[in-house]
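Note that the protein sequences, when read in sequence, are chains Y and X. Numbers 1 to 113, taken from the working numbering, label the letters of the first sequence in order. Numbers 1001 to 1111, taken from the working numbering, label the letters of the second sequence in order. What follows is a single structure, written as structure tokens, with notes after it.
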Amino acid sequence: NAGVTQTPKFQVLKTGQSMTLQCAQDMNHNSMYWYRQDPGMGLRLIYYSASEGTTDKGEVPNGYNVSRLNKREFSLRLESAAPSQTSVYFCASSEGWYRETQYFGPGTRLLVL
Amino acid sequence: DQQVKQNSPSLSVQEGRISILNCDYTNSMFDYFLWYKKYPAEGPTFLISISSIKDKNEDGRFTVFLNKSAKHLSLHIVPSQPGDSAVYFCAASAGNNDMRFGAGTRLTVKP
């Protein structure tokens, strides 16, 4: 039982390049989330998927797209990376959307030059 | 505009003593509050939560207090242990899982 896994662990991009961050959970959770963590800012919600087949914008969605591929997998895409997207990205999942504990992956550290 | 604020970036306490971490919020719609703990190179892990209908919730060495009129919550760890050294995030939501997090407080417990 791996919980929430994220790939890659670390990535360096040049401005304008694109990439997809992958996330998978094996807990049969319905809801999944993408956050970014920046120094002095805490975690900020980028997008979430309250249930399979739905996705919605969070607090900071600009510059990102997501895909809920199936119940297990939720990917985050940067179409044209910018230095402002340098951050640590965390994926999380929870059983449901209302007051459910979120379980986080180990994070992906992204550097955009 | 940060709706959840942790004004102390760091806190250092002696092993065995009490650690008190503080959190303030501005949105009066928030009715569910959580604390997460984060070790380096790991994701945050859930620690304890409290609903706005309560003013205190305990789980072993961890107690969360909520003062709704002051829009303030605190996490007490008694007794503090070196393994508690981590970054602690306060989070709040208005009933669902769209949470707002504070910037975190780094706790160091010295042996």
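Positions of the beta carbon are idealized from the N, C-alpha and C atoms, including for glycine.
Alpha carbon to alpha carbon, what distance is there between residue j and residue i?
{"i": "aspartate 1098 of chain X", "j": "aspartate 1084 of chain X", "result": "27 Å"}
{"i": "threonine 108 of chain Y", "j": "lysine 9 of chain Y", "result": "5 Å"}
{"i": "leucine 113 of chain Y", "j": "serine 1008 of chain X", "result": "31 Å"}
{"i": "tyrosine 64 of chain Y", "j": "threonine 54 of chain Y", "result": "16 Å"}
{"i": "serine 49 of chain Y", "j": "leucine 69 of chain Y", "result": "11 Å"}
{"i": "arginine 1017 of chain X", "j": "proline 1082 of chain X", "result": "11 Å"}
{"i": "glutamine 6 of chain Y", "j": "cysteine 23 of chain Y", "result": "5 Å"}
{"i": "cysteine 1023 of chain X", "j": "leucine 110 of chain Y", "result": "29 Å"}
{"i": "alanine 2 of chain Y", "j": "glutamine 1006 of chain X", "result": "31 Å"}
{"i": "alanine 1086 of chain X", "j": "leucine 1047 of chain X", "result": "12 Å"}
{"i": "arginine 77 of chain Y", "j": "threonine 20 of chain Y", "result": "4 Å"}
Under the DSSP definition of a beta bridge, which residues are partnered with residue i?
{"i": "threonine 1045 of chain X", "result": "X/Lys1037"}
{"i": "aspartate 1098 of chain X", "result": "DSSP lists no partner for aspartate 1098 of chain X."}
{"i": "tyrosine 48 of chain Y", "result": "Y/Tyr33, Y/Asp56"}
Beta-carbon within less than 6 Å of residue i's beta-carbon, same chain only, minus the 5 sequence neighbours each way: which residues are those?
{"i": "serine 67 of chain Y", "result": "Ser75"}
{"i": "leucine 1021 of chain X", "result": "Leu1075, Tyr1088, Thr1105"}
{"i": "alanine 1092 of chain X", "result": "Val1004, Tyr1025, Phe1030, Phe1033, Arg1100"}
{"i": "asparagine 1027 of chain X", "result": "Gln1003"}
Please list the partners that residue i has in chain X, where partner means a Cβ-to-Cβ separation under 9 Å.
{"i": "leucine 111 of chain Y", "result": "Per Cβ cutoff of 9 Å: no residues; leucine 111 of chain Y is ~16 Å from chain X at best."}
{"i": "phenylalanine 74 of chain Y", "result": "Within 9 Å Cβ-Cβ: nothing; phenylalanine 74 of chain Y doesn't reach chain X, min ~14 Å."}
Kindly list, in the order they appear in chain Y, the residues whose Cβ is closer than 7 Å to that of residue i.
{"i": "glycine 1102 of chain X", "result": "Gly42"}
Can you name, in chain order, every residue of its own chain whose Cβ lies under 8 Å from the Cβ of residue i, other than the five neighbours on each side?
{"i": "leucine 43 of chain Y", "result": "Tyr35, Arg36, Gln37, Phe90"}
For residue i, go through chain X and note every residue whose CB falls closer than 8 Å to its CB, in chain order.
{"i": "tyrosine 98 of chain Y", "result": "Gly1095, Asn1096, Asn1097"}
{"i": "glycine 58 of chain Y", "result": "Asp1098"}
Counting only Cβ pairs nearer than 8 Å, list the residues of chain Y close to residue i.
{"i": "alanine 1041 of chain X", "result": "Pro106, Gly107"}
{"i": "tyrosine 1032 of chain X", "result": "Arg99"}
Can you name, in chain order, every residue of its own chain whose Cβ lies under 7 Å from the Cβ of residue i, other than the five neighbours on each side?
{"i": "lysine 1068 of chain X", "result": "Ser1052"}
Just to make sure I have the definition right: I need the residues of chain X whose C-beta is within less than 7 Å of the C-beta of residue i. Which are they?
{"i": "threonine 101 of chain Y", "result": "Phe1046"}
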